[in-house]
Amino acid sequence: MMLERNCREVKVREVRFLGTWDEPSDFVELTLENPGWEAYLPGQFAMLRAKHWGLELPWGRPFSISRVDAESVTFLIQVVGRGTSRLARLRQDEVVIIWGPLGNGFSAPAGTPTLLLAGGMGIAPFRGYIESHPSPEFLHLFFAHRAALDFYPYLVMAEKVRAEAVQEHSTDDLPEIIARIETAMDGYAGGLVLACGPTPFLRTVQAHALKKNIRAELSLEKTMACGVGACLGCVCKDGQGRNVQVCSRGPVFPAADVQI
Amino acid sequence: MMLERNCREVKVREVRFLGTWDEPSDFVELTLENPGWEAYLPGQFAMLRAKHWGLELPWGRPFSISRVDAESVTFLIQVVGRGTSRLARLRQDEVVIIWGPLGNGFSAPAGTPTLLLAGGMGIAPFRGYIESHPSPEFLHLFFAHRAALDFYPYLVMAEKVRAEAVQEHSTDDLPEIIARIETAMDGYAGGLVLACGPTPFLRTVQAHALKKNIRAELSLEKTMACGVGACLGCVCKDGQGRNVQVCSRGPVFPAADVQI
Amino acid sequence: MIDLRVEFAGLVLKNPIITASGTFGFGLEFAAFGDLKRLGGIVVKGLSLKPREGNPMPRVAETPCGMLNAIGIQNPGVEAFLRDKLPLLPWRETAIIANMYASSVPEFGELAQVLSVEEGVAALEVNVSCPNVSFGGAAFGQDPAQIRKVTEEVKKHAKGKPVIVKLSPNVTDIAACAQAAQDGGADAVSLINTLLGMAVDIRTRRPTLANVVGGLSGPAIKPVALRCVHQVCRKVLIPVIGIGGIVSAEDALEFILLGAAAVQVGTANFLRPDQSFRIIDDLPRAMIKARSDSLGELRGSLKLP
Amino acid sequence: MIDLRVEFAGLVLKNPIITASGTFGFGLEFAAFGDLKRLGGIVVKGLSLKPREGNPMPRVAETPCGMLNAIGIQNPGVEAFLRDKLPLLPWRETAIIANMYASSVPEFGELAQVLSVEEGVAALEVNVSCPNVSFGGAAFGQDPAQIRKVTEEVKKHAKGKPVIVKLSPNVTDIAACAQAAQDGGADAVSLINTLLGMAVDIRTRRPTLANVVGGLSGPAIKPVALRCVHQVCRKVLIPVIGIGGIVSAEDALEFILLGAAAVQVGTANFLRPDQSFRIIDDLPRAMIKARSDSLGELRGSLKLP
Ligand SMILES: Cc1cc2nc3c(=O)[nH]c(=O)nc-3n(C[C@H](O)[C@H](O)[C@H](O)COP(=O)(O)OP(=O)(O)OC[C@H]3O[C@@H](n4cnc5c(N)ncnc54)[C@H](O)[C@@H]3O)c2cc1C
Ligand SMILES: Cc1cc2nc3c(=O)[nH]c(=O)nc-3n(C[C@H](O)[C@H](O)[C@H](O)COP(=O)(O)OP(=O)(O)OC[C@H]3O[C@@H](n4cnc5c(N)ncnc54)[C@H](O)[C@@H]3O)c2cc1C
Ligand SMILES: Cc1cc2nc3c(=O)[nH]c(=O)nc-3n(C[C@H](O)[C@H](O)[C@H](O)COP(=O)(O)O)c2cc1C
Ligand SMILES: Cc1cc2nc3c(=O)[nH]c(=O)nc-3n(C[C@H](O)[C@H](O)[C@H](O)COP(=O)(O)O)c2cc1C
Ligand code: FES
Ligand code: FES
Chain A
53 MMLERNCREV
63 KVREVRFLGT
73 WDEPSDFVEL
83 TLENPGWEAY
93 LPGQFAMLRA
103 KHWGLELPWG
113 RPFSISRVDA
123 ESVTFLIQVV
133 GRGTSRLARL
143 RQDEVVIIWG
153 PLGNGFSAPA
163 GTPTLLLAGG
173 MGIAPFRGYI
183 ESHPSPEFLH
193 LFFAHRAALD
203 FYPYLVMAEK
213 VRAEAVQEHS
223 TDDLPEIIAR
233 IETAMDGYAG
243 GLVLACGPTP
253 FLRTVQAHAL
263 KKNIRAELSL
273 EKTMACGVGA
283 CLGCVCKDGQ
293 GRNVQVCSRG
303 PVFPAADVQI
Chain B
53 MMLERNCREV
63 KVREVRFLGT
73 WDEPSDFVEL
83 TLENPGWEAY
93 LPGQFAMLRA
103 KHWGLELPWG
113 RPFSISRVDA
123 ESVTFLIQVV
133 GRGTSRLARL
143 RQDEVVIIWG
153 PLGNGFSAPA
163 GTPTLLLAGG
173 MGIAPFRGYI
183 ESHPSPEFLH
193 LFFAHRAALD
203 FYPYLVMAEK
213 VRAEAVQEHS
223 TDDLPEIIAR
233 IETAMDGYAG
243 GLVLACGPTP
253 FLRTVQAHAL
263 KKNIRAELSL
273 EKTMACGVGA
283 CLGCVCKDGQ
293 GRNVQVCSRG
303 PVFPAADVQI
Chain C
242 MIDLRVEFAG
252 LVLKNPIITA
262 SGTFGFGLEF
272 AAFGDLKRLG
282 GIVVKGLSLK
292 PREGNPMPRV
302 AETPCGMLNA
312 IGIQNPGVEA
322 FLRDKLPLLP
332 WRETAIIANM
342 YASSVPEFGE
352 LAQVLSVEEG
362 VAALEVNVSC
372 PNVSFGGAAF
382 GQDPAQIRKV
392 TEEVKKHAKG
402 KPVIVKLSPN
412 VTDIAACAQA
422 AQDGGADAVS
432 LINTLLGMAV
442 DIRTRRPTLA
452 NVVGGLSGPA
462 IKPVALRCVH
472 QVCRKVLIPV
482 IGIGGIVSAE
492 DALEFILLGA
502 AAVQVGTANF
512 LRPDQSFRII
522 DDLPRAMIKA
532 RSDSLGELRG
542 SLKLP
Chain D
242 MIDLRVEFAG
252 LVLKNPIITA
262 SGTFGFGLEF
272 AAFGDLKRLG
282 GIVVKGLSLK
292 PREGNPMPRV
302 AETPCGMLNA
312 IGIQNPGVEA
322 FLRDKLPLLP
332 WRETAIIANM
342 YASSVPEFGE
352 LAQVLSVEEG
362 VAALEVNVSC
372 PNVSFGGAAF
382 GQDPAQIRKV
392 TEEVKKHAKG
402 KPVIVKLSPN
412 VTDIAACAQA
422 AQDGGADAVS
432 LINTLLGMAV
442 DIRTRRPTLA
452 NVVGGLSGPA
462 IKPVALRCVH
472 QVCRKVLIPV
482 IGIGGIVSAE
492 DALEFILLGA
502 AAVQVGTANF
512 LRPDQSFRII
522 DDLPRAMIKA
532 RSDSLGELRG
542 SLKLP
């Protein structure tokens, strides 16, 4: 994985958008030229900013790295506001400013039964996780989603690992979904649980992991201005109640070491 | 010309950009869907703003209406800054916000020998002027330019009216160009001179017009915020030294009635 | 149909969207872009006793998400306004608010006298906060004692018409200024006027504005405006009109949540000349976002920690 | 090769581009993005005597062409800085400036005492202008008498290290604050710190920041910063460091034309983490635009009407 080497090589790059879109959508797969990354850890993220944004939005936007190959890097993006809607309107060859890979990644121990708990766009990092894992036969993907399944890369992932998906049609579905998450987790008491998704989803996972003493890692989402640990705008409390930057000390934290 | 009717019908419209550009250029012909304009006076202008500009640039940008047909309206735009460079990057079908036709236009008396003095992008309004003039055989276009002639619509215009062009390669050429302008104007002492171009160019024309008592109209350029006479940011002094809005009382002024 | 009416300081407005002084001319410039009768109110360009030509050019500059202006209260004078403009405005249907500029306390009184006899004038807005004039203007607006004096003087001549005092953000303590206006008898305060700013052209090595400094407005200043309105709403009892960087119905609601009774839309009128009308059209949709169908319920309902 | 060196207040900087406190961490966060030795200087995150956790979350919000922050001077304390961070910084090659925050005059003195014995600290920047702390901070920064007192106290313990007093724009008269710093013995002033602002979320009906108010920075405030620097440069004799909304080499030159000896780059470091390095690279090109090859010639060369 060469993380150490890689981290020293984090640079700001200007790369081209390789895709095109036929029509506007709220879920887009954004494929950029590979900015020269040789390796990354699934769970790491990058900050993106379209070159033409100008000054109205002074911040880049953080997105999990979904997959990387020699030519390209792919992100899965849900349009929720000003930056994501601009990214979803990029045209072919338009230039995007990118810095990354940033932060840490999920643990990927070989031969360990590992449950991947994804909520919505939280599925993004697991795409690359599955592809690069030393023993994918030990992985199980549990995917809770709201939008239709085909907005997500679930099916290609389900071809590679054991997978199940459950749709939240309304908040009435939540108790059952939570129950299923907990049941799934119980099956990994001796293994590892990795979770990425909205904060309430992570809280559920954390509570059950602590209760049942299951080893779990959570990928947190916070508004980020710099992405590199400098602004202190993205902090959460660690186990000792001290503020730590989610961007540089996370975004992945052991469930026992973080207050969310 | 139905100006009165037209003016009451000035509305803000959102129209599509009909063109495409192969490569970036500093001189672009911007063709938009006709916003429902039935008539305009050559010399009038419109305020443009790409819908995706967002808030960084709070002002629209004024451009002379170059020509109008049933389907479209065309502007000639030189890239000089933030707004024009964004306009020159529009992609097909992208939406532009437009309000116009604004201001007054040039006089177009039939059967009157009329000299059109254009400096650089000042050629824009004369394109439509020539096309809609009741007696184009009375028109003479004199065009002073810096960039290569094929950046401007000079040749298509020269097919329709008598025309001459002179290129300013360096400021050394100015005395000769000024002399030629003055000579050309002298030939229209009993007719009409219309001028559109940079302020120093207009000053030359004004000085000579006043000296030789030649009837002349000048189209002024000022930074504009609103384009509709409200902000008072674009004023010039009239003959009595009172401030008048260039956008709503101009942009065309009789040479004798304005201080530039 | 959601009821957008608001009532405060003796004014009844169709909706809380008022166009801000200096950004909507005398209203008539915008008649082509929307039905003026639909506006909550129109504050006309600043008026002085005598006509003023204003400052030399250039006097506007675009800045990131904002603009500077140093118009210097160019206006045809109050008489010409009353004679040539007011009769053409739909003052029976829409509140026409006169924005007043003067360079001394007695002159403010005189101006109020002239304006207050006019049936077509719904209220007087006292501009003690213009940064673009060398005498008067901000000088008053930065000193609570002066604000109080000017307010008292205008109030004395206002013949019962509502007096709105427009405050400057270029002060250490804007709540103290609002308090002074209230003490002077103001019926409402409006804020903020522009922030004092400047632009420089490195090519010419000159200030972009001939007046050197000017007033900053537009979306850039909205955070400052919100803070000022918040501070003032917590300090005074009289109604507050929120101004500064409002370009959308959501922006307007932000001020109303802080406690503003109404808002003024300024620079947004330059984004596109129908923007104020669009904001009104959009208000009901924005209210749904805030889960309310009542402006009265929304007003001041900000939850503080 | 254009010489970009600047000298003032006892400092010799390779170039006039300094990174601003709180926006560049302790510098080390940016080592991957450029050679820290190339910077004119680095002002580190605000330091206090004891570690501070800062304000509750959320504490940043993006605004049009700007941002609000209410970090509340989270920092590991001055001891941890001196022990863990400073030794890793290239302090022999680049001026490392310590930004100081304290909540009383004596505490400022104590902090100065600790910092001034350190060879690696090139200068002390006294933050009397932080809007994000309930005690101290802006309270000092809005009162010239307090500014003078704090400056005197820090100067007394600075052992000859240059003392830079960082001023708040949230005042009626920033030139008077600069004068007070000069009177207190400051070697330079830096300005502006952030404008007090606020953001509101209409969906939750809450202030976006847990701290309710925060400091506005970024391109949005550049016009205000330029105006403040202009006013201060005309008032005081000590060098002025310009701060506020600088994102490009052109922006930096605007402040230098007004008379600034150097500038600080803040929010622009979030546009992209190599932005300060890019500004340095771009300075010579921008100087050509202003038709000069000398910063000394450019400095203060603004032509006023
Ligand atoms: C480490 C990390 C990885 C992420 N990975 C992905 C991903 O793979 N795919 C994806 O679609 N999104 C991802 N996100 C969330 C994504 O960053 C935000 O959706 C995005 O920044 C919103 O930008 P915007 O300009 O469109 O929204 P804005 O206009 O800035 O805000 C719109 C709304 O989104 C909220 N918001 C803003 N920033 C964030 C944020 N960082 N996190 C959560 N909500 C936010 C705002 O509060 C507001 O309600 C990730 C976030 C983090 C921190
Ligand atoms: C009535 C009228 C008709 C015009 N017609 C045309 C036309 O047909 N074709 C064309 O290319 N241009 C025309 N212009 C000029 C055009 O409006 C400006 O070039 C444009 O607004 C610059 O926008 P920008 O954002 O690219 O420049 P900015 O980034 O705003 O500024 C870049 C430079 O341009 C200068 N500038 C800004 N606005 C103006 C302005 N309104 N006039 C002159 N200089 C300005 C600035 O001072 C600055 O030096 C016209 C202007 C007016 C007032
Ligand atoms: C071009 C211009 C002219 C203005 N003229 C006046 C004026 O005459 N009187 C006044 O009280 N305010 C004047 N203002 C201030 C606005 O009414 C308003 O307070 C300010 O612009 C902030 O609101 P905004 O950000 O929505 O523009 C003017 C503003 C602009 C931009
Ligand atoms: C996230 C953040 C944290 C800041 N922290 C400090 C600080 O600790 N001490 C200080 O003096 N200024 C602090 N500032 C203010 C900046 O140093 C600078 O004065 C201000 O942001 C204006 O410059 P800018 O517009 O270039 O950002 C902070 C600013 C930001 C955005
Ligand atoms: S985003 Fe700046 S510290 Fe994490
Ligand atoms: S541009 Fe606003 S008055 Fe002319």
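Protein chains in written order, with our numbering: chain A, 53 to 312; chain B, 53 to 312; chain C, 242 to 546; chain D, 242 to 546. We put the CB at the ideal spot given by N, CA and C, even for glycine.
Distance from the CA atom of G295/D to the CA atom of L284/A, rounded to whole angstroms, is 9 Å. When DSSP assignments are scanned along the region 391-434 of chain D, the uninterrupted stretches of alpha helix (DSSP H) that are 4 or more residues long and fall wholly within it turn out to be 415-424.
Linking V67/A to A122/A through their CA atoms gives a straight-line distance of about 14 Å. Using a CB distance below 9 Å, the part of the region 98-112 of chain A facing chain B consists of H104, W105, G106, L107, E108 and L109, ordered along the chain. At a Cβ-Cβ threshold of 9 Å, A421/D and R444/D do not count as neighbours. When rounded, the separation of the alpha-carbon atoms in G425/C and I415/C is 15 Å. Put simply, the region 351-362 of chain C touches the region 319-326 of chain C. At least three CB pairs are less than 8 Å apart.
The region 246-270 of chain B contains, as complete alpha helix (DSSP H) runs of 4+ residues, the segments 251-264 (chain order).
For N510/D, the enclosing alpha helix (DSSP H) stretches over residues A509 to L512. Scanning its chain for C-beta atoms nearer than 8 Å, with the 5 sequence neighbours on each side dropped, one finds around P250/A the residues G171, G172, G174 and E273, in chain order.
C-alpha of I405/D to C-alpha of N434/D: approximately 13 Å in a straight line. In the three-state DSSP reduction, F158/B falls in the coil class, being neither helix nor strand.
In the three-state DSSP reduction, V481/D falls in the strand class (E or B).
The alpha carbon of T413/D has as its nearest neighbour, out of K407/C, Y342/C and S370/C, the alpha carbon of S370/C. Inter-segment contact for the region 243-256 of chain C and the region 500-508 of chain C is present: three or more beta-carbon pairs are separated by less than 8 Å.
Of the candidates P347/D, T335/D, D244/D and N368/D, the residue whose Cα lies closest to the Cα of V362/D is T335/D. The beta carbon of K397/D sits closer than 6 Å to no other beta carbon from its chain once the five residues preceding and following it are set aside. Within the region 192-234 of chain B, the complete beta strand (DSSP E) segments of 3 residues or longer fall at 214-219, listed in chain order. Within chain A, the residues whose beta carbon sits less than 7 Å from that of E303/D are L109, P110 and W111, listed in sequence order. In this structure, the beta-carbon distance from E348/D to L290/D falls below 9 Å. With contacts defined by Cβ atoms closer than 9 Å, F203/A and F79/A form a contacting pair.
The C-alpha of E146/A is placed about 14 Å away from the C-alpha of D74/B. In summary, the residues of the region 130-143 of chain A whose CB is separated from some CB of chain B by less than 9 Å are R134, R138, R141 and R143, in the order they occur in the chain. Relative to the Cα of G155/B, the nearest Cα in the group G293/B, T235/B and P94/B belongs to P94/B. Set against 8 Å, the gap from the CB of V287/B to the closest heavy atom of ligand 6 is smaller. Check the Cα spacing between P303/A and each of A247/A, Q219/A, R65/A and R294/A: the tightest is with A247/A. If you keep only unbroken beta strand (DSSP E) runs of at least 3 residues inside the region 157-190 of chain B, you get 166-171.
Contact check for G268/D against N340/D fails: the beta carbons are separated by 9 Å or more.
For H471/C, the C-beta contacts it makes with chain D under 7 Å involve M439, in order along the chain. Taken through DSSP and simplified to helix, strand or coil, V310/B comes out as strand. For W73/A, the secondary structure class from DSSP, reduced to helix, strand or coil, is coil. One thing to note: G485/C has its Cβ within 9 Å of the Cβ of V470/C. For E351/D, the enclosing alpha helix (DSSP H) starts and ends at V346 to S357. For V301/D, the closest of A277/A, E85/A and V64/A by C-alpha to C-alpha distance is A277/A. Residues of the same chain with a CB within less than 7 Å of the CB of I258/D, apart from the 5 flanking positions on each side, are L280, G281, A493, V504, V506, S517, I520 and I521 in chain order. At least 9 Å separates the beta-carbon of Q315/C from that of V213/B.
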